[in-house]
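Below you'll find the structure, written out as structure tokens, and then a few comments.
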Amino acid sequence: MLILAVNAAYSQNINQTEYTVLGLSVEGNNVVEAETILGLTGIYQGDKIMFPADDKVQTAIKNLWRRNQFKDVKIIADRVTVDGIFLKIVVEEFPRIHQINITGHDKLNDNEIMKSVEKNRGDIIKPYDLSLIKKRIKAAYVEEGLQFTKIETNLEEFDSASVILNIEINEGVKFYAKAVEFEGNIHYSNSKLESVFDDTHTKKWYQFWRSAKFNPDKYEEDKKLLSDFYKKNGFMDFNLISDTLIFDEDKGEVIVRVKLEEGKQYFIRNITFTGNTIYKDEHFLQRLDMKPGDIMNMEKFNFNLSGNQDQTDALALYMDTGYLQARMEPDFIRVCDDSVDIDIKVYESNRFKFGKISIVGNTKTKDKVIRRELYTRPGDYFNRSAVINSIRALGVLNYFNPEALKPDVLPSNIANDVVDLVYTVEERSNDQANLQLGFAGTYGLSLTLGFVFNNFCLSEPFRAGAGQTVNISADIGQGDRYRNFSIGFMEPWLFDKPTTVGFNIFHTMYNFSQWKYNRTGAILNIGRRFSWPDNYFRGDWSIRSQFNNIHENTSLYYRPGKYWEHTISQTISRTNWNHNFFPSVGSSFALSTSWAMGALGIGSTDYLKNEMRYNFVSPIWSYKGSDKVVLFMETRFGYITGIRSDTSMSAADLFYMGGNGMGMFGVIPLRGYDDNTIGQYYDENTTKWYSGNQVATKMTAELRFSIAMDPMPIYVYGFAEAGNLWRDLRVANPKDLKRSVGVGIQIMVPMLGNIGFSYGYGFDNLIESGKPSGWKFLFHLGGI
Numbered sequence: 005m006l007i008l009a010v011n012a013a014y015s016q017n018i019n020q021t022e023y024t025v026l027g028l029s030v031e032g033n034n035v036v037e038a039e040t041i042l043g044l045t046g047i048y049q050g051d052k053i054m055f056p057a058d059d060k061v062q063t064a065i066k067n068l069w070r071r072n073q074f075k076d077v078k079i080i081a082d083r084v085t086v087d088g089i090f091l092k093i094v095v096e097e098f099p100r101i102h103q104i105n106i107t108g109h110d111k112l113n114d115n116e117i118m119k120s121v122e123k124n125r126g127d128i129i130k131p132y133d134l135s136l137i138k139k140r141i142k143a144a145y146v147e148e149g150l151q152f153t154k155i156e157t158n159l160e161e162f163d164s165a166s167v168i169l170n171i172e173i174n175e176g177v178k179f180y181a182k183a184v185e186f187e188g189n190i191h192y193s194n195s196k197l198e199s200v201f202d203d204t205h206t207k208k209w210y211q212f213w214r215s216a217k218f219n220p221d222k223y224e225e226d227k228k229l230l231s232d233f234y235k236k237n238g239f240m241d242f243n244l245i246s247d248t249l250i251f252d253e254d255k256g257e258v259i260v261r262v263k264l265e266e267g268k269q270y271f272i273r274n275i276t277f278t279g280n281t282i283y284k285d286e287h288f289l290q291r292l293d294m295k296p297g298d299i300m301n302m303e304k305f306n307f308n309l310s311g312n313q314d315q316t317d318a319l320a321l322y323m324d325t326g327y328l329q330a331r332m333e334p335d336f337i338r339v340c341d342d343s344v345d346i347d348i349k350v351y352e353s354n355r356f357k358f359g360k361i362s363i364v365g366n367t368k369t370k371d372k373v374i375r376r377e378l379y380t381r382p383g384d385y386f387n388r389s390a391v392i393n394s395i396r397a398l399g400v401l402n403y404f405n406p407e408a409l410k411p412d413v414l415p416s417n418i419a420n421d422v423v424d425l426v427y428t429v430e431e432r433s434n435d436q437a438n439l440q441l442g443f444a445g446t447y448g449l450s451l452t453l454g455f456v457f458n459n460f461c462l463s464e465p466f467r468a469g470a471g472q473t474v475n476i477s478a479d480i481g482q483g484d485r486y487r488n489f490s491i492g493f494m495e496p497w498l499f500d501k502p503t504t505v506g507f508n509i510f511h512t513m514y515n516f517s518q519w520k521y522n523r524t525g526a527i528l529n530i531g532r533r534f535s536w537p538d539n540y541f542r543g544d545w546s547i548r549s550q551f552n553n554i555h556e557n558t559s560l561y562y563r564p565g566k567y568w569e570h571t572i573s574q575t576i577s578r579t580n581w582n583h584n585f586f587p588s589v590g591s592s593f594a595l596s597t598s599w600a601m602g603a604l605g606i607g608s609t610d611y612l613k614n615e616m617r618y619n620f621v622s623p624i625w626s627y628k629g630s631d632k633v634v635l636f637m638e639t640r641f642g643y644i645t646g647i648r649s650d651t652s653m654s655a656a657d658l659f660y661m662g663g664n665g666m667g668m669f670g671v672i673p674l675r676g677y678d679d680n681t682i683g684q685y686y687d688e689n690t691t692k693w694y695s696g697n698q699v700a701t702k703m704t705a706e707l708r709f710s711i712a713m714d715p716m717p718i719y720v721y722g723f724a725e726a727g728n729l730w731r732d733l734r735v736a737n738p739k740d741l742k743r744s745v746g747v748g749i750q751i752m753v754p755m756l757g758n759i760g761f762s763y764g765y766g767f768d769n770l771i772e773s774g775k776p777s778g779w780k781f782l783f784h785l786g787g788i
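Residue numbering for the sequence shown is 5 to 788, as defined by the working numbering.
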């Protein structure tokens, strides 16, 4: 048999003869079907080819190689006749995995190791894969502090087409830092420098929260932190001369020795700018926030020169006014013994405008829904802050995966001083559905059904994507004990203007021997985004009218009788954080006032209710450009009072606190305590305990750790909070707060929304029981 050569140079030196392909066959295949191989060659019976070499043959061999299933491929002449040629495709397949055996492992289980193997039964295995498997398993053990782990892999033949993958592991010793020693440090003690390290440190007997496990990769990161620390404190010439690691495998200990040279500590003498014609030096100095006599803090200098995420750095003056290619390059001139002059060269370059602004990746959300949230417009001068604020606004919509939101600035074919901007988004659903069938002693058998469509389109309900919100819910108790129905709609941009219009219609009925009432009403909402003081401000107004039919036995929470209640409300708010579920930058402020107009003779309920809420979030630690650890702070205050001397407030309008906030009347959550247990008081006239109050305050601090943001966002947190209620302002005492601490987890579940769990400890005594609240496990629906 003759082998068809695929070497082009060789084929040019021999005589070529054209043949007709009379037939094709396959030899050597075990798993891959012959029909598949023949189809990949692209050679068919009746084709004309040159013998012994042809471009079609070379292409066929390349096609088979690209499959990554064969370790050898040949196309040979099986038989040549006067009428033509019969071809045979001879292949040798890579073996497939029949079984994976892992031995010698203890610190990592089978599942953890298999994640590093990234192979399963039936997968193709190649020699190069063995090297990758060893490398990945080694990395997993290094992460566990076992950097001396040894891994061996081999393939054992099972049959002609498959092999057994054997992975033999010698885990070695997990090392812990016995000592971290520094040589050459004068200004800072060893303990101070060790505290600069995030992960590489020793552990005292009482430091139960600390780990001394040694990780070489994290040690390399810690060395960079040491350099940053010195340069932050003015030691511009700091040099880490050498470092030594002394391992004791018998004891599992490592001694870290770092030799360094601190150099001199420098102070700023002068700051000058050259090349700037548009902005004065004073504008830059104000943003640098550094002056002569200050320590030369390199971290602060670089941050305020060109790297401020709040867009308040000096370079932002140019980047926000079209100067896309502007640069500011500092030159540090050491003078005297401990001083430095900073000469910053400014290169202003040309001014750019936005050209075409495109959106890609939106498979559901309409373009106009995205564009109306953008702060960038074609023809405007390039503005970096506007781009960042646009990404932040898209994240707040919660229609897209926040980790995939990305702007790309591209050259434009319109003109040399024009750039195109592309926003890349990745859709994800945030609609919610709720169906529950349960049994409770009060309600008996109950059914709950609810839907929330957060990106709805009234004109195209099956396509959706117009940003409208529709919610429908129904709760039904056994017999006629309990009924609750509501339907609502919200249009966020009326007539393509930033005006929100919506309504909600509701009916609630309770029918128990000691608890009977009916409420039927509607709420009309209108809101508007403001352009002053900035685009983050908005106002919302609502009118609520409801008819109450309250039985006498329900007077604990409502005034008995049949009467109308008419309320107008106003909320002024400002929100500029970057994401609704896991914000890492920004703040939110809301000031609300509600007035039940009984004092004017409109309805018979009379009160004025004011609430203030302020949230602040700040990033603590980032990984690969994403904020992973953030600090969240919240302060809340509320006060309600009547206007008339014979005010007619219902108990349902007062403030309640405690638990997960899922109880009736909009209870303010306070973890570590049972529902509605804060602020209780005893009325000697009625000999009953009451919990509704006129004054409320609460403060919360959370340290949040992001686990994942896609496809199912999850974060865990530790919290500390304190709050209390008082009957009126005269007895309110902001020092008398009910305190709690604990941990929790929040998950954004598709079709269910934001759910979570917390486990908290309440430190303070409850009035009714006289005992501390203790540990409480709570389920949360929605944010805290």
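From the three backbone atoms N, C-alpha and C, an ideal C-beta is built for every residue, glycine too.
Asked	Found
Considering only residues of the same chain and omitting the five flanking positions on each side of Asn33, which have a CB-CB separation below 7 Å?	Ile41, Val95, Glu97
In this structure, how does DSSP classify Gln826 when only helix, strand and coil are distinguished?	Within the shown structure, residues of the chain are numbered from 5 to 788, placing residue 826 beyond reach of any answer.
Going by alpha carbons, who is nearest to Ile395 out of Gly665, Phe767, Asn584?	Asn584
What three-state label does DSSP hand Leu756 in the structure shown?	coil
Out of Tyr403, Gly383, Pro411, Pro406, which has the shortest C-alpha to C-alpha gap to Ile392?	Pro411
Pick helix, strand or coil for Leu770, following the three-state DSSP scheme.	coil
How close, in whole Å, do the beta carbons of Arg376 and Asp500 come, if the pair is a contact with beta carbons under 8 Å?	7 Å
Please report the straight-line C-alpha distance between Gln73 and Gln49, rounded to a whole angstrom.	25 Å
Taking its Cβ as the centre, do 16 or more other Cβ atoms sit within 10 Å of Val753, making it buried, or is it exposed?	exposed
Report the partner residues of Thr597 according to the DSSP bridge assignment.	Gln574, Asn614
Expressed to the nearest angstrom, what Euclidean distance is found between the alpha-carbon atoms of Ser546 and Thr369?	28 Å
Is it buried or exposed for Ser164, if we count other Cβ within 10 angstroms and need 16 for buried?	exposed
Can the beta-carbon of Trp568 be found closer than 8 Å to that of Gly607?	yes
What's the C-alpha gap between Val621 and Ala705?	10 Å
Is Val61 buried or exposed, if buried means 16 or more other CB atoms sit within 10 Å of its CB?	buried
Can you tell me which of Leu785, Gly256, Ala726, Gly108 puts its alpha carbon nearest to the alpha carbon of Ala183?	Gly256
Quick one, which of Tyr719, Thr107, Arg578, Arg432 has its alpha-carbon nearest Phe404's?	Arg432
Should Tyr14 go down as buried or exposed, given a rule of 16 or more other Cβ atoms within 10 Å for buried?	Because Tyr14 sits at a pLDDT of 40, beneath the cut-off of 50, its placement in the model cannot be relied upon, and the following sentence gives the value as read from the coordinates. Counting Cβ neighbours within 10 Å, Tyr14 comes out exposed, since fewer than 16 surround it.
Ends of the beta strand (DSSP E) at Phe277?	271-278
Using only the alpha-carbon positions, how far apart do Ile672 and Lys235 sit?	46 Å
In whole angstroms, what separates the C-alpha of Gly481 from that of Lys566?	24 Å
Output the distance between the C-alpha atoms of Asp110 and Ile259, rounded to the nearest integer angstrom.	25 Å
Distance, Cα to Cα, Asp335 vs Thr579?	39 Å
Three or more beta-carbon pairs under 8 Å between the segment 214-221 and the segment 144-153, yes or no?	yes
Over the uninterrupted alpha helix (DSSP H) stretch that includes Lys235, give me the two end residues.	220-236
Cutting at 8 Å between CB atoms, please list the residues of its own chain near Asn458, excluding the five before and the five after it.	Asn402, Tyr403, Asn434, Asp435, Gln436, Thr473
Looking at the unbroken alpha helix (DSSP H) that takes in Arg143, where does it start and where does it end?	Strictly speaking, residue 143 in this sequence is Ala, with Arg absent from that position. Looking at the DSSP string, the run of the alpha helix (DSSP H) that includes Ala143 is 131-147.
Exposed or buried, what is Asn417 when buried is set at 16 or more other beta-carbons lying within 10 Å of its beta-carbon?	exposed
May I ask you to verify whether the segment 191-207 touches the segment 157-176, counting CB pairs closer than 8 Å and requiring at least 3?	no
Taking 8 Å as the cut-off, decide whether the C-beta atoms of Gln684 and Ile644 are in contact.	no
Since Gly46 contacts Thr63 with CB under 8 Å, what's their CB separation in whole angstroms?	6 Å
Give the list of continuous beta strand (DSSP E) stretches no shorter than 3 residues that lie fully inside the segment 474-517.	486-495, 503-516
Buried or exposed for Cys340, going by 16 or more other Cβ atoms inside 10 Å?	exposed
Going by DSSP, what residues sit across from Gly683 in a beta bridge?	According to DSSP, Gly683 bridges with nothing at all.
Which of helix, strand or coil does DSSP assign to Gln62?	helix
Specify whether the segment 197-206 and the segment 269-279 touch according to this definition: at least 3 beta carbon pairs, one from each stretch, less than 8 Å apart.	no
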